[in-house]
Amino acid sequence: MPSSPPLAIKASNLLLIALQANFMLSNLAVERVYCHAPITAKDETFLLHATYEFGTKHNPLFMQRPGWMVAATCASAYGFLPFNMIIAATAALDAWNNRMLGTLSVLFCGAKLYAFSFHHYMELTSASSPPDLLVYFGMEVPYVISVLGVLYKVATAGGAERGRAKTS
24 MPSSPPLAIK ASNLLLIALQ ANFMLSNLAV ERVYCHAPIT AKDETFLLHA
74 TYEFGTKHNP LFMQRPGWMV AATCASAYGF LPFNMIIAAT AALDAWNNRM
124 LGTLSVLFCG AKLYAFSFHH YMELTSASSP PDLLVYFGME VPYVISVLGV
174 LYKVATAGGA ERGRAKTS
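If you read the sequence shown in this note's numbering, its first letter stands for residue 24, the second for the next number, and so on.
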């Protein structure tokens, strides 16, 4: 049976790598800036103008910068970045069955789900909730795909080896 070339990466892992790259770009280009100062109409820096336009149209609370959101965004910008890197590397190496990387990936998914749930609860119960929930939640689809993809990869990693271990 021919084996895959050493640098071949599964399509599902490529998707997870692309998603993590998107999140890291957001961590560095948007969240890091928002953490330290408001994003304004004058911002022409990469992704900031689009973020400003989206925020003013679809996420007024983001533009109001309540303290909890600034703190959460700072935590995401600086705290989530290394874990996004770990997941991207795990996907690139297809190392989902590595106990340490798998555990870190699952714990990070839990942290992401908690942050996601808290953030949306606060948004939807605020006086400035998003005017168009379809557009608002549409921006969250990549996070959901990523979390589900990572959890699936970790849960199914090493299936053949586990099966052999049970029958030995």
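The C-beta atom is built at its ideal place from N, Cα and C for all residues, glycine as well.
The C-alpha of PHE160 is placed about 28 Å away from the C-alpha of THR179. Ranking GLY133, ALA44, THR79 and LEU37 by CA distance to the CA of PRO61 puts THR79 first. The shortest CA-to-CA distance from VAL167 to any of LEU42, ALA34 and TYR144 is the one to LEU42. In this model, VAL170 and TYR137 are separated by some 12 Å (Cα to Cα). Shown here, GLU67 sits in coil according to DSSP, grouped into three states, outside any helix or strand. In the displayed model, PRO165 falls within a helix according to three-state DSSP. Here MET123 is exposed, its C-beta having fewer than 16 other C-beta atoms within 10 Å. ASN121 sits in coil when the DSSP states are folded into three classes, being neither helix nor strand. Put simply, of SER149, ALA44 and LEU147 the residue whose alpha carbon is nearest the alpha carbon of PRO105 is ALA44. Annotation for VAL158: HIS81 place their beta carbon closer than 6 Å to its own, counting only its chain and skipping 5 residues before and after. DSSP, read as helix, strand or coil, puts PRO153 in coil. In terms of Cα proximity to MET145, the closest of THR126, LEU84 and THR74 is LEU84. With a beta-carbon spacing of about 14 Å, VAL164 and LEU39 fall beyond the 8 Å limit used to define contacts.
DSSP places ALA41 in the uninterrupted alpha helix (DSSP H) bounded by 34-49. Sequence-distant Cβ neighbours of ALA95 in its own chain, meaning closer than 7 Å and more than five residues away, are ALA138 and HIS142. Secondary structure of THR96 (DSSP, three-state): helix.
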